[in-house]
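Encoded as structure tokens, the structure appears first; notes follow it.
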Amino acid sequence: MPHIWIEYSGNLALDTRALMRTVQDAAVGDGSLFPLAGARTRAVRVDDYLIVDGHPDNAFVHAVLRIGHGRSDEQKAALGARVFQALNEALAPQAAARPLGISLQIEEADPVLNYKFNNYRGYLAARAAAAAVPWPRTVVGAALNAREALAALGDAVDAAPYKGAPKAPVLYIKPANTYAQDGATIVLPADVDEVEVGACLGVVFARRATRVDEAEALDYVAGYRVVADLSVPHASYFRPALKQKCRDGFCPIGRELAPAAAVANPDALDIEVRIDGEVAQRASTAGLIRPVARLIADVTQFMSLEAGDILLVGAPQGAPRARAGQRYDISISQVGTLGNALAARRAAP
């Protein structure tokens, strides 16, 4: 709530989109009494009507504002005055030009016989996060978080220096110089012949996350993006692979932000990578050692993630490779797509 109906006589030429926005903004105000996620406004043209003497110039605009139960009389009076003033100001040109009746009625929904559902809040949070932070402050990646990736190390996982499988997330950073847009051409450095295309689910945070419990971890998520973790092929996970992972443009980020509410289970998403249109890899987030909520909880135990930051849950084992002159495309079910062409750096003249 509020739900707003604006009826108007068919002899009025109104900018209904502007009028609906004006009335809804006046009703919602600062959002402290009526949340934006509950507002629904519609304009209805009425062609069959009779106004006083029936003269064809006579016109009307009538707004019905239905609100939830529980507001005080003072709050309802303030709401009515605010909306009616906005309605009159918006229709002042019409009132100056013709006979016009303007009315507003506030109704209160029954406290019991009132049933509703909406998932707008999650979408609003996701859109706000995307608009407020065009690029993330930080992108943190988790290595060896796919069961097949850890298994592929074989006996090497028990060798020095760690002598055993990781007991905590193995993390790396993709700094700001690596960020690139969906559709951009990624120019490979002169010393790089090919790159591994790590298809990653990127978890975008809606608010600051510090020492988050696993049971509440997904409440901190605004949504999900497709991210390509590009890297120069390398074998070592036992030292920071900065030279391999942190080249310019090596972290393309999908422009689509799938709201958290639209992704029922982030631990069961299909991933597909195509190179020049041919399927090069099929995988799933179902193979994560640390599922998304657990990973968020473990990482935020020792570092805070801010609104807009992205946590990469881990690339599947066997990332396909691509060379200059090729194009890769990544799709993650329920989330979106990302694609970039690769080019060789031109030699200096």
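When you line the sequence shown up against numbering that gives the first Met the number 0, it's residues 0 to 348, in that order.
Ideal placement from N, C-alpha and C gives every residue a C-beta, glycine not left out.
For Tyr327, the secondary structure class from DSSP, reduced to helix, strand or coil, is strand.
In the three-state reduction of the DSSP assignment, Glu195 falls in the strand class, which pools E and B. About 45 Å separates the Cβ atoms of Ile288 and Asn113, ruling out a contact at the 8 Å cut-off. For Phe83, the closest of Ala179, Ile3, Pro34, Ala285 by C-alpha to C-alpha distance is Ile3.
Its chain contains Arg81, Val82, Ala85 as the residues whose beta carbon lies nearer than 7 Å to that of Ala25, once the 5 sequence neighbours on both sides are disregarded; these appear in chain order. Below 8 Å, enough C-beta pairs join the segment 184–200 and the segment 223–233 to call them touching: three or more. Annotation: the segment 278–306 contains the following complete segments of the alpha helix (DSSP H) (minimum length 4 residues), in chain order: 291–298.
Assigned with DSSP and collapsed to three states, Pro258 falls in strand.
When the alpha-carbon of Ala141 is set against those of Tyr171, Ala318, Val262, Ile50, the nearest one is in Tyr171. A contact between stretches requires three or more CB pairs, one per stretch, nearer than 8 Å, and the segment 99–114 meets this requirement with the segment 54–68.
Between Leu123 and Ala323, the gap from beta carbon to beta carbon reaches 8 Å or more. The beta carbon of Ala340 sits closer than 6 Å to those of Thr184, Arg326, all from its chain and outside the five residues before and after it, given in chain order. Looking from the CA of Lys242, the closest CA among Ala205, Val191, Arg254 belongs to Val191.
In this structure Val43 does not touch Ile101 by the C-beta definition: roughly 15 Å separates them, more than the 8 Å allowed.
Assignment of beta-bridge partners to Asp228 by DSSP yields Gly197. Beta-bridge partners assigned by DSSP to Trp4: Arg41, Val63. If you draw a 10 Å sphere on the C-beta of Pro55, you find fewer than 16 other C-beta atoms in it, and that means exposed.
Close CB contacts of Arg210 within its chain, under the 8 Å cut and outside five residues either way in sequence, are with Thr299, Gln300 (chain order). Residue burial annotation: Phe204 is buried, with at least 16 other C-beta atoms found within 10 angstroms of its C-beta.
For Asn87, the enclosing alpha helix (DSSP H) begins and ends at 72–89.
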